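A.B. asks: First the structure, which I've put down as structure tokens, then a few questions once you've had a look.
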Amino acid sequence: MKAPLAACLLTALLAMGACLLCEFCAGPGADCRGDRQSCSPEFDSCSVALTDRTWEREKNQATVKACLTSRTCKAGPVSVSFGKAKAIRTIVACCQGDGCSPEVAKVPPANTTLNGRRCPGCYAHPPEQCREETIDCVGPETQCIDITVTTRAGGTPPKAVMKGCATETACTRIKDVTGAFPGILGELTNGKCTPAASTVSAAVRPAGLLLPALSGLLLLTLLS
Ligand SMILES: *[C@@H]1O[C@H](CO)[C@@H](O)[C@H](O)[C@H]1NC(C)=O
């Protein structure tokens, strides 16, 4: 956390402002506990992201608490399908104020209606094992997502690739906030989105980076 703290202090000096302190943690279940850490200056909110994960026959939940921008908080629920019955759905709640703890609602139920769009899907760790297949997108998933992550955990292969259908909220273009999850998870080394092909033509949008909460959750799914 040295770099964000230094950046925070510098900005605080220049702007006579103060940096937010937020709880940081990541773990299975509907809550987690961690230390308070100083946010980088671009973050104005403390967040809780709750994820429902379907992994073949298994269903579980995971929680990540971290600093976030209010813009990302307001983006709405995130849903990503990787194919082969692997999917995640996330909601984020935020609050402003040192160490504040937002109330987090329930993750909305999965919308399993096929929407006519398709994307290449694969979830591979390490990336060389990626066997791409075409998957059908459901509900609000209108984008094809393609991300590579580097884990910081020892012992596991350091890289993973994840491709699939995603909501626009998963693709919201924001800065990659490497370091938002220090030591716990890892880094998004590469992330892009393209509109999913369908029989109905879709507007072309620029590729975007993932929102930090999502990258943290994807890593959680990877590491657990
Ligand atoms: C599910 O997704 C479809 C396709 O986007 C949409 O038309 C429908 O309203 C959604 N259903 C619910 C319950 O949100």
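Letter by letter, the sequence shown follows residues -19 to -1, 1 to 205 in mature numbering (1 follows the signal peptide of the UniProt record, and there is no 0). For glycine and all other residues, C-beta sits at the position ideal for the given N, C-alpha and C. Since we're looking at a predicted model, the values are computed, not measured.
(1) Per DSSP, which one or two residues make a beta bridge with A91?
(2) Under 8 Å: do the region 5 to 17 and the region 57 to 68 share three or more Cβ pairs, one atom per stretch?
(3) Going by DSSP in three states, A177 sits in which element: helix, strand or coil?
(4) On a CA-only basis, which of G102, K87, N171, C6 is nearest V130? Give me that one, please.
(5) So, at 6 Å on beta carbons, what are the nonlocal neighbours of C3 in its own chain, with the 5 sequence-adjacent residues on each side left out?
(6) In this structure, does DSSP put T148 in helix, strand or coil?
(7) Could you compute how far the alpha carbon of K55 sits from the alpha carbon of C75?
(8) Should L1 go down as buried or exposed, given a rule of 16 or more other Cβ atoms within 10 Å for buried?
(9) To which residues of the same chain is A177 closer than 8 Å at the C-beta, ignoring the five residues directly before and after it?
(10) With a threshold of 7 Å (Cβ to nearest heavy atom), would P83 be considered close to ligand 1?
(11) V61 and A151: beta carbons closer than 8 Å?
(12) Could you pull out every residue in the same chain whose Cβ sits closer than 8 Å to the Cβ of R38, ignoring the five residues on either side in sequence?
(13) What residues sit near ligand 1, counting only those whose C-beta is closer than 6 Å to one of its heavy atoms, in chain order?
(14) Of all the options T175, C174, C6, which has the alpha carbon lying nearest to the alpha carbon of G80?
(15) Smallest Cα separation from S82: which of G120, P89, V73?
(16) On the CB-based measure, 16 or more other CB atoms within 10 Å of its CB, does G78 come out buried or exposed?
(17) Rounded to the nearest angstrom, what separates E113 and G64 at their Cα positions?
(18) Excluding five sequence neighbours on each side, which residues of the same chain lie with their C-beta closer than 8 Å to the C-beta of residue 206?
(19) Is it the case that the Cβ atoms of G57 and N92 are separated by a distance below 8 Å?
(20) What do you get for T53, buried or exposed, if any count of 16 or more other CB atoms within 10 angstroms of its CB means buried?
(21) Going along the chain, which residues of its own chain have a beta-carbon closer than 6 Å to the beta-carbon of T179, five neighbours each way excluded?
(22) With DSSP collapsed to three states, give me the class of T53.
(23) Once DSSP output is grouped into helix, strand and coil, what is the label at E109?
C.D. replies: On the basis of the data shown:
(1) Residue mapping note: residue 91 aligns to position 110 of the sequence shown, counting from 1. Beta bridge pairing from DSSP links A91 with no other residue.
(2) No: fewer than three Cβ pairs fall under 8 Å.
(3) Translated into positions along the sequence shown, residue 177 becomes position 196. Residue state, collapsed to three classes: coil.
(4) Along the sequence shown, read from residue 1 onward, the residue named residue 130 stands at position 149. Nearest of G102, K87, N171, C6 to V130, Cα basis: N171.
(5) Translated into the one-based positions of the sequence shown, residue 3 becomes position 22. So the qualifying residues of the chain are C20, C27, C48.
(6) Locating residue 148 in the sequence shown gives position 167, where the first residue counts as 1. In the structure shown, T148 sits in coil (DSSP, three-state: anything other than H, G, I, E or B).
(7) Position 74 of the sequence shown holds residue 55. Position 94 of the sequence shown holds residue 75. Rounded to whole angstroms, K55 to C75 spans 9 Å at the Cα level.
(8) Against the sequence shown, residue 1 aligns to sequence position 20. Buried.
(9) Counting from 1 along the sequence shown, the entry for residue 177 is found at position 196. R98, R99, C100, C118, E122, T123, Q124, C125, C146, A183, listed in sequence order.
(10) What you label residue 83 is simply residue 102 of the sequence shown in a count that begins at 1. Taking 7 Å as the cut-off, one finds no heavy atom of ligand 1 near enough to the beta carbon of P83.
(11) Stepping through the sequence shown from its first residue, residue 61 is reached at position 80. Stepping through the sequence shown from its first residue, residue 151 is reached at position 170. Yes, these two residues count as a Cβ contact at 8 Å.
(12) Here residue 38 refers to the residue found at position 57 of the sequence shown. Short of 8 Å from the beta carbon of R38, and not among the five residues preceding or following it, lie these beta carbons of its own chain, in chain order: A66.
(13) A distance filter of 6 Å between CB atoms and the heavy atoms of ligand 1 selects the following residues in sequence order: N92, T94, N96, G120, P121.
(14) The residue given as residue 80 occupies position 99 in the sequence shown. Cα-wise, what sits closest to G80 is C6.
(15) Here residue 82 refers to the residue found at position 101 when the sequence shown is read from its first residue. That would be V73, whose Cα lies nearest to the Cα of S82.
(16) As a position in the sequence shown, residue 78 is number 97, starting the count at 1. G78 comes out exposed.
(17) Your numbering for residue 113 matches position 132 in the sequence shown. Your numbering for residue 64 matches position 83 in the sequence shown. The alpha-carbon atoms of E113 and G64 are separated by roughly 9 Å.
(18) The shown model of the chain, from -19 to 205, leaves out residue 206, and the question about it has no answer.
(19) By one-based count along the sequence shown, residue 57 stands at place 76. By one-based count along the sequence shown, residue 92 stands at place 111. No, Cβ-Cβ distance for G57 and N92 is not below 8 Å.
(20) Against the sequence shown, residue 53 aligns to sequence position 72. Residue burial annotation: T53 is buried, with at least 16 other C-beta atoms found within 10 angstroms of its C-beta.
(21) Counting from one through the sequence shown, the residue named residue 179 turns up at place 198. Strictly speaking, residue 179 in this sequence is Ser, with Thr absent from that position. Residues of the same chain with a CB within less than 6 Å of the CB of S179, apart from the 5 flanking positions on each side, are G97, R98 in chain order.
(22) Position 72 of the sequence shown holds residue 53. It is helical.
(23) Position 128 of the sequence shown, counted from the start, is the residue given in the question as residue 109. Secondary structure at E109: helix, using DSSP grouped into helix, strand and coil.
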